[in-house]
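Everything in the sequence shown is counted per the numbering used here, starting at 790 for the first residue and increasing by one.
All C-beta atoms in this analysis are idealised placements derived from N, C-alpha and C, irrespective of residue type, glycine included.
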Amino acid sequence: MYFLLNTSAISVPLIFSFYHKTKYWATWKKLLPGLFIMDSIYIIWDIIFTQLGVWGFNEKYIIGYHIFNLPIEEWLFFICIPYASLFIHYSMLKIFPDWKFSVFNTKIIFYLIILTLLILTIINFGKLYTTCCFLSTIILLYWVSIKKMELLQTFFLSYLFILIPFFIINGILTGTFIIDQVVWYNNHHNMGIRLGTIPFEDIFYGFTLLLGIIIISDKKLISKKQ
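Right, dumping it as structure tokens:
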């Protein structure tokens, strides 16, 4: 099942990558460094947390091949899901270039996220998933706000659309619509708050992964201050 979810998630974006209005294929070369670096970081994070029992995988729903204690499907996840998610982001930039939050609204959203995550981190400090996930999001958001706040004007909006397939795919992985769960979470290491069956932290886990890829892919962001 996990393998089918990965292939289903990437199939439509892959087909429409060559659509003339979006030309998503043209971003491949630019995105590859970001995908490689962020995927490497997240896979190491994944391996460590799997070893520590922060989360794990149901053998009934995976093929059975493992690399460094991770199912092959989990490795594919870090290719298929970022590809499909960023397809939404870059397609929106191409087709709806004027769709973005105002500077004022972007700053409001930014400060609300930072404040909320700071409070939740302090309250839940020591819970591995919550602490690592929220702190990484805070640090990355703060860095982007200094370098290129306008990036958040578009990404905050596109991420709302990305969350639609995210809730479907991640919902199935965590037990929605199926008898058991493909991926299980140890609630001792998270807040225990679920959106349906999805841990609240997952929203920012995905957010930081995708934003990190975009930042690394933007050479101007890395090379100099805006």
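The C-alpha of Ile884 lies about 17 Å from the C-alpha of Phe945.
Ranked by how close their Cα comes to the Cα of Asn858, the residues Tyr918, Leu984, Asn795, Ile837 have Ile837 in first place.
The DSSP-derived three-state label of Pro954 is helix. For a cut-off of 8 Å, the C-beta gap from Leu962 to Leu794 is around 7 Å, short enough to register as a contact.
The alpha carbon of Thr920 has as its nearest neighbour, out of Tyr931, Thr965, Leu906, Leu929, the alpha carbon of Leu906.
For the pair Glu848 and Glu863, the Cα-to-Cα distance works out to about 12 Å. Taking each of Arg983, Leu1000, Val972, Thr816 in turn and checking the Cα distance to Tyr850, the smallest one comes out for Val972. Of the residues Ser934, Ile987, Leu901, the one whose Cα lies closest to the Cα of Ile953 is Ile987.
Non-local C-beta neighbours of Leu875 in its own chain, meaning closer than 7 Å and more than five positions away in sequence, comprise Leu820, Leu999, Ile1002, ordered along the chain. Pairing Trp844 with Leu941, the inter-Cα distance amounts to about 30 Å. Shown here for Ser806: same chain residues with a beta carbon closer than 6 Å to its own, the five before and five after excluded, namely Tyr813, Trp814 in chain order. Runs of the beta strand (DSSP E) spanning 3 or more residues and lying entirely within the region 806-882 occur at 844-846, in chain order. Fewer than three pairs of CB atoms, one per stretch, sit closer than 8 Å, so the region 890-900 makes no contact with the region 964-983. About 25 Å separates the beta carbon of Ile992 from that of Pro822, a gap too long to meet the 8 Å contact definition. Where Trp888 is concerned, there is no enclosing beta strand (DSSP E), because DSSP gives it neither an H nor an E. Rounded to whole angstroms, the gap between the alpha carbons of Ile927 and Ile908 is 11 Å.
Annotation for Val972: the continuous beta strand (DSSP E) segment containing it runs 972-974.
Counted as a single uninterrupted DSSP element, the alpha helix (DSSP H) harbouring Lys936 occupies residues 917-936.
In the structure shown, Ile898 falls within a helical segment according to DSSP collapsed to helix, strand and coil.
Taking every protein chain shown into account, the CB of Val801 has fewer than 16 other CB atoms within 10 angstroms, so this residue is exposed.
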